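Written below as structure tokens is the structure these notes are about.
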Amino acid sequence: MPNALPKNILFKNVPKPHRAFIGRVKYIKMAIKYLTRPVTADVQIQFPCLVIHALGGYGKTQTARKIASVCSKERKFQHFIWIDSEDDMSVRKCFVEAMKQVGLSASNESDVTDFDSLMHQFYNLLASQTREKFLFIF
Numbered sequence: 052m053p054n055a056l057p058k059n060i061l062f063k064n065v066p067k068p069h070r071a072f073i074g075r076v077k078y079i080k081m082a083i084k085y086l087t088r089p090v091t092a093d094v095q096i097q098f099p100c101l102v103i104h105a106l107g108g109y110g111k112t113q114t115a116r117k118i119a120s121v122c123s124k125e126r127k128f129q130h131f132i133w134i135d136s137e138d139d140m141s142v143r144k145c146f147v148e149a150m151k152q153v154g155l156s157a158s159n160e161s162d163v164t165d166f167d168s169l170m171h172q173f174y175n176l177l178a179s180q181t182r183e184k185f186l187f188i189f
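Numbering-wise, the sequence shown is residues 52 to 189 according to the numbering used here.
Given below as structure tokens:
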């Protein structure tokens, strides 16, 4: 059985947005509203999931950093998890490391390559241990 979750989990420091980052206020507010809305039983995924997708250089990372920064200042979430997503393997390695920090390890080596399984294991651990809110960015 995994260990109880420590208070105020922060996996990797969530980087602050660049000081020159401006704009996208409307989209950031919409994203925060979406992420903090109540989850109803009629949705397939029982937690809010938001994808920011665009070509490189359009400010996806800075926007995610700004969302995390605002949510932290406004205390919309109790825990923040930032997973570097430079490439698929770094995401998997970060998930495995985050799982170790909360007392859960991948069942076997194939779990590291089965990304869906890894994500579900991690989410199920978080959901089973606490009702506190997480902002999970990767």
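The beta-carbon is built from N, C-alpha and C at its ideal position, and this holds for glycine as well. Quick caveat: nothing in here was measured; it's all calculated off a predicted structure.
For Ala115, the number of other beta carbons within 10 angstroms of its own is at least 16, and it is reported as buried. The beta carbons of Trp133 and Val65 sit closer together than 9 Å. When Cβ pairs closer than 8 Å are counted between the two stretches, the stretch 128–147 is seen to touch the stretch 180–187, the count reaching three or more. At a Cβ-Cβ threshold of 9 Å, Ile83 and Glu125 count as neighbours. If you look at Phe146, you'll find it in the alpha helix (DSSP H) that goes Asp139 to Gln152. Only buried fits Met150, as 16 or more other CB atoms lie within 10 angstroms of its CB. The distance from the Cβ of Arg143 to that of Leu106 is about 24 Å, inconsistent with a contact at the 8 Å cut-off.
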